[in-house]
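One line per chain: the protein sequences are A and B, in this order. Under our numbering, the first residue of the first sequence carries the number 25, and numbering increases by one thereafter. Under our numbering, the first residue of the second sequence carries the number 25, and numbering increases by one thereafter. Notes for the one structure printed next.
2 protein chains.
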Amino acid sequence: MPYRRALLPCLLVFALAAACTPAPTQDKAGAPATAIPEDPGTPSPAVAEILAASPADHWRRPDPNNLLYMDFPEGRVIIEMAPAFAPAHVDNVRALAREGYFQGGAVTRVQDNYVVQWAQALDPPRPPKVGKEKLKAEFTRLRDGSVPFTVLPDPDTYAPEVGFSDGFPAARDETEMWLTHCYGTVGVGRDNDEDSGGGGELYAVIGQSPRGLDRNITVLGRVVQGMEHLAALPRGTADLGFYDDPGKYVRFSDMRVASDVPEADRTPLEILRTDSETFETLINSRRWRRDDFYHRPVGRIGLCNINIPSRSPSP
Amino acid sequence: MPYRRALLPCLLVFALAAACTPAPTQDKAGAPATAIPEDPGTPSPAVAEILAASPADHWRRPDPNNLLYMDFPEGRVIIEMAPAFAPAHVDNVRALAREGYFQGGAVTRVQDNYVVQWAQALDPPRPPKVGKEKLKAEFTRLRDGSVPFTVLPDPDTYAPEVGFSDGFPAARDETEMWLTHCYGTVGVGRDNDEDSGGGGELYAVIGQSPRGLDRNITVLGRVVQGMEHLAALPRGTADLGFYDDPGKYVRFSDMRVASDVPEADRTPLEILRTDSETFETLINSRRWRRDDFYHRPVGRIGLCNINIPSRSPSP
Chain A
25 MPYRRALLPC LLVFALAAAC TPAPTQDKAG APATAIPEDP GTPSPAVAEI LAASPADHWR
85 RPDPNNLLYM DFPEGRVIIE MAPAFAPAHV DNVRALAREG YFQGGAVTRV QDNYVVQWAQ
145 ALDPPRPPKV GKEKLKAEFT RLRDGSVPFT VLPDPDTYAP EVGFSDGFPA ARDETEMWLT
205 HCYGTVGVGR DNDEDSGGGG ELYAVIGQSP RGLDRNITVL GRVVQGMEHL AALPRGTADL
265 GFYDDPGKYV RFSDMRVASD VPEADRTPLE ILRTDSETFE TLINSRRWRR DDFYHRPVGR
325 IGLCNINIPS RSPSP
Chain B
25 MPYRRALLPC LLVFALAAAC TPAPTQDKAG APATAIPEDP GTPSPAVAEI LAASPADHWR
85 RPDPNNLLYM DFPEGRVIIE MAPAFAPAHV DNVRALAREG YFQGGAVTRV QDNYVVQWAQ
145 ALDPPRPPKV GKEKLKAEFT RLRDGSVPFT VLPDPDTYAP EVGFSDGFPA ARDETEMWLT
205 HCYGTVGVGR DNDEDSGGGG ELYAVIGQSP RGLDRNITVL GRVVQGMEHL AALPRGTADL
265 GFYDDPGKYV RFSDMRVASD VPEADRTPLE ILRTDSETFE TLINSRRWRR DDFYHRPVGR
325 IGLCNINIPS RSPSP
């Protein structure tokens, strides 16, 4: 083991390096710097217990103008869009939804351990009247301090820093920020040309987070309710998981902006704020999970292993 | 940005630290040390192209004594067991299969983004005659140099070092090795008591890798073919994703050891060796993926993002 030769001097170097490593910080003024909390050494509270103790203002009701409803016979899929990261695409998907572009749409592709993809059931699709077919890519946005970012201090394979931005798993480097591909992330299908997607064809991640797609495709938002209606669909058998026959397409009646849906037909929904103390407590309870079943906590948690709780408030 | 103050001296410290960091090594004598290869800067070859160029001896035919077949009406699920990591459980599952313990079994639980679980369809199950109901846990094994380990140099959130051991995604620290929970990993269901599982109830991972389970449960092996028959099953609606009604159970005819199946009914199968040069080339082509679609490679890849190719050889 030749690398042991210089062990002692190296330990000193590492100690200096640790002292040089900046603690991750938040862009929000006054927010504390973040490091992985130490092992509390006590049994972890259950998620239900943590949520039951949460104050009302740790929850938010998403803006219905940012929510999409896809209605399948089995139930509703709800997507929250992220205008802070893909403003032009969010606007365009709203326009497409409002002109009825998605009526009679269908899931046309289900590739196991990858994505479910949906679009018009027609090939070629009828062109949009108001919305646009193609837009300039919105793969990343500037890190300009205008968008909140709550750091997750745990190490990540793919990005120098990860965390959450207003409810979305995200990453950043010195100059840019982007939404990450986790389970349920919704992105904009495109051809090889980076500016060939517009939102008329969307996909949701249904397996291991395909983080290599980060910064290579526009992320529109994420599924906040109803993932089970997408993830359990039969896998397509043609190339890339496309259904080999339009007869196998899985139809949805429409994809609509929630604010266009009559109040009585909306789904009451609250999502735990990702900048709340409750969320931090929840993450740490999973990071250091020690309970009747888990006896060996690892003290780390992956960005895409964190579930963001939602609930249906009484209207 | 106060941490910028000492930037230059810190850069020097980091350079020293990098020089002090040992390159990961392999346990196999003569195998090269591993570091993340540099960006080749050229278009990545396609997976099919890499595999087409692979010599025959980069593939292996798994020992049929280590393979389990679960036969559903829709097709066969094939599991490769890992006797190097869970010798007693692998022996016991073989014994259970041979005494017909799994005949008329069923998937009883499908929890979205987590696991599919199967067992006898009877509650309580009929006790085994030859096999054992419970065994001492095999969560980890000693790192004693007797088991191969091909290092993946990319950083991992959950373990100090990850890689592959004879076809299985794995991790290790200074003293122990263990199989990791990736998509398709098969583990042994248990109650709170660590020694309460025996293999009569098994699960497969169907979502984001639940790595917090590592070292908290015995891993038996992984699904090497047919994941789509498990992952697309309807999600259970009772607590933890159990089906609320035995009428919803998804039956399989039997789970058998492949070596007990007549040759004519076996599925020809070859798996790419995870210690082969072809596999290394494949990983690097995904790590630095740059092609008509991917324009911004990240230069890192996650352990559970690596698919291990298999193929059906002509018999």
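The beta-carbon is built from N, C-alpha and C at its ideal position, and this holds for glycine as well. This one's a predicted model, so the numbers in the text were calculated from it and none came from an experiment.
Take every Cβ of the stretch 126-137 of chain B, pair it with every Cβ of the stretch 284-303 of chain B, and state whether three or more of those distances are shorter than 8 Å.
As far as the Cβ criterion goes, the stretch 126-137 of chain B does not touch the stretch 284-303 of chain B, which means the pair count is below three.
Secondary structure of V134(B), DSSP reduced to three states
Within the second sequence, residue 134(B) is the residue found at index 110, counting from 1. Three-state DSSP puts V134(B) in a strand.
Taking only three categories from DSSP, how would you classify R118(A)?
Indexing the first sequence from 1 puts residue 118(A) at position 94. Reduced to three states, the DSSP call for R118(A) is helix.
Name the chain B residues whose beta carbon is nearer than 7 Å to that of D316(A)?
Here residue 316(A) corresponds to residue number 292 of the first sequence, with the count starting at 1. Those are N216, listed as they occur along chain B.
For D299(A), count neighbouring C-beta atoms within 10 Å of its own C-beta (all shown protein chains included) and say buried if the count is 16 or more, exposed if not.
Translated into the one-based positions of the first sequence, residue 299(A) becomes position 275. In the assembly as shown, D299(A) is a buried residue. Its beta-carbon has 16 or more other beta-carbons within 10 Å.
Return the chain-ordered list of same chain residues with a C-beta closer than 6 Å to the C-beta of R310(A), the five sequence neighbours on each side being excluded.
Translated into positions along the first sequence, residue 310(A) becomes position 286. Excluding sequence neighbours, R310(A) sits near I325.
Helix, strand or coil, according to DSSP, for I330(A) in the structure here?
Position 306 of the first sequence, counted from the start, is the residue given in the question as residue 330(A). In this structure, I330(A) counts as coil in the three-state DSSP scheme.
Rounded to the nearest angstrom, how far is the Cβ of M251(B) from that of Y93(B), given a contact under 8 Å?
Position 227 of the second sequence, counted from the start, is the residue given in the question as residue 251(B). Position 69 of the second sequence, counted from the start, is the residue given in the question as residue 93(B). The pair is not a contact, with the Cβ atoms about 14 Å apart (cut-off 8 Å).
Residues that DSSP places opposite E19(B) in a beta bridge
What the structure shows of chain B is the stretch from 25 to 339, and residue 19(B) is not part of that stretch, so it cannot be assessed.
Check each candidate in I332(A), T302(A), V248(A) and G260(A) and name the one with the smallest Cα separation from V140(A).
Position 116 of the first sequence, counting from 1, holds the residue named residue 140(A). Ranking the options by Cα distance to V140(A), first place goes to G260(A).
CA-to-CA distance, P292(A) to D215(B), given in whole angstroms:
As a working note, residue 215(B) is residue 191 in the second sequence. As a working note, residue 292(A) is residue 268 in the first sequence. Cα to Cα, D215(B) sits roughly 36 Å from P292(A).
Alpha helix (DSSP H) containing T302(B): first to last residue?
To locate residue 302(B), count along the second sequence from 1; it is residue 278. Residues E301 to R311.
Where M218(A) and A112(A) are concerned, what is the direct C-alpha to C-alpha distance, given to the nearest angstrom?
Position 194 of the first sequence, counted from the start, is the residue given in the question as residue 218(A). Position 88 of the first sequence, counted from the start, is the residue given in the question as residue 112(A). Checking the displayed sequence, the identity of residue 218(A) turns out to be Glu instead of Met. Computed Cα separation, rounded: 14 Å.
DSSP puts A228(B) in a beta bridge; with which residues?
Position 204 of the second sequence, counting from 1, holds the residue named residue 228(B). Paired residue(s): V140(B) and V210(B).
Is P179(B) close to chain A, meaning its C-beta is less than 9 Å from at least one C-beta of that chain?
As a working mapping, residue 179(B) is identified with position 155 in the second sequence. With 9 Å as the cut-off, P179(B) counts as an interface residue toward chain A.
Return the bridge partner residues of E104(A) from the DSSP annotation.
Taking the first residue of the first sequence as position 1, residue 104(A) is located at position 80. L91(A) and R246(A), per the DSSP bridge assignment.
Anything in chain A within Cβ reach of H319(B), meaning under 8 Å, just list it in chain order.
Here residue 319(B) corresponds to residue number 295 of the second sequence, with the count starting at 1. Those are E218 and N240, listed as they occur along chain A.
How big is the Cα-Cα spacing for S220(A) and G265(A)?
Along the first sequence, read from residue 1 onward, the residue named residue 220(A) stands at position 196. Along the first sequence, read from residue 1 onward, the residue named residue 265(A) stands at position 241. As the crow flies, the alpha-carbon of S220(A) is around 21 Å from that of G265(A).
How many whole angstroms separate the CB atoms of I102(A) and V248(A), which I take to be in contact at a CB cut-off of 8 Å?
Translated into the one-based positions of the first sequence, residue 102(A) becomes position 78. Translated into the one-based positions of the first sequence, residue 248(A) becomes position 224. Confirmed, Cβ separation roughly 5 Å.
Under 9 Å (Cβ pairs) to chain A, residues found in the stretch 200-213 of chain B
C206, Y207 and G208
Check the Cβ of L159(B) against every Cβ in chain A and list those closer than 8 Å, keeping chain order.
If you number the second sequence from 1, residue 159(B) lands on position 135. Within chain A, no residue comes near L159(B); the closest Cβ sits about 17 Å away, beyond 8 Å.
Which word fits L327(B), buried or exposed, when buried means at least 16 other C-beta atoms lie within 10 angstroms of its C-beta?
Here residue 327(B) refers to the residue found at position 303 of the second sequence. Per the 10 Å Cβ criterion, buried.
Is there a C-beta anywhere in chain A that falls below 9 Å from the one on I325(B)?
Numbered from 1 along the second sequence, position 301 holds the residue referred to as residue 325(B). Taking a beta-carbon distance threshold of 9 Å, I325(B) counts as an interface residue toward chain A.
Would you say Y318(A) and R235(A) are within 9 Å of each other, going by their C-beta atoms?
The count along the first sequence starts at 1 and reaches residue 318(A) at position 294. The count along the first sequence starts at 1 and reaches residue 235(A) at position 211. Cβ atoms of Y318(A) and R235(A): not closer than 9 Å.
Presumed contact (8 Å Cβ cut-off) between P333(B) and L296(B), rounded CB distance:
Here residue 333(B) refers to the residue found at position 309 of the second sequence. Here residue 296(B) refers to the residue found at position 272 of the second sequence. Indeed they touch by this definition, with Cβ atoms about 5 Å apart.
So S68(A) and W312(A) are supposed to be a Cβ contact under 8 Å. How far apart are they, rounded?
By 1-based counting over the first sequence, the position of residue 68(A) is 44. By 1-based counting over the first sequence, the position of residue 312(A) is 288. Indeed they touch by this definition, with Cβ atoms about 6 Å apart.
Does R85(A) come out as helix, strand or coil in the three-state DSSP assignment?
Within the first sequence, the letter at position 61 stands for residue 85(A). In this structure, R85(A) counts as coil in the three-state DSSP scheme.
Can you pull the chain B neighbours of S233(A), defined as C-beta to C-beta under 7 Å?
Taking the first sequence and counting its residues from 1, one reaches residue 233(A) at position 209. By Cβ distance, chain B contributes Q232.
Which of helix, strand or coil DSSP assigns to S189(B)
On the second sequence, position 165 is the one that residue 189(B) refers to. It is a strand residue.
Distance, L244(B) Cα to T174(B) Cα:
In the second sequence, the residue the question calls residue 174(B) occupies position 150. In the second sequence, the residue the question calls residue 244(B) occupies position 220. Cα-Cα distance, rounded: 19 Å.
Local Cβ density within 10 Å of V114(A), reported as buried at 16 or more and exposed below that
As a first step, residue 114(A) must be located in the first sequence, where it is residue number 90. Buried, since its Cβ has 16 or more Cβ neighbours within 10 Å.
Over the uninterrupted beta strand (DSSP E) stretch that includes E157(A), give me the two end residues.
Numbered from its first residue, the first sequence carries residue 157(A) at position 133. No beta strand (DSSP E) holds E157(A); DSSP gives it neither H nor E.
Looking at the structure shown, is A42(B) part of a helix, part of a strand, or coil, going by DSSP?
By one-based count along the second sequence, residue 42(B) stands at place 18. Confidence in A42(B) is poor, its pLDDT being 39 and thus under 50, which makes the residue's placement unreliable; the coordinate value appears in the next sentence. Note: A42(B) maps to helix in three-state DSSP.
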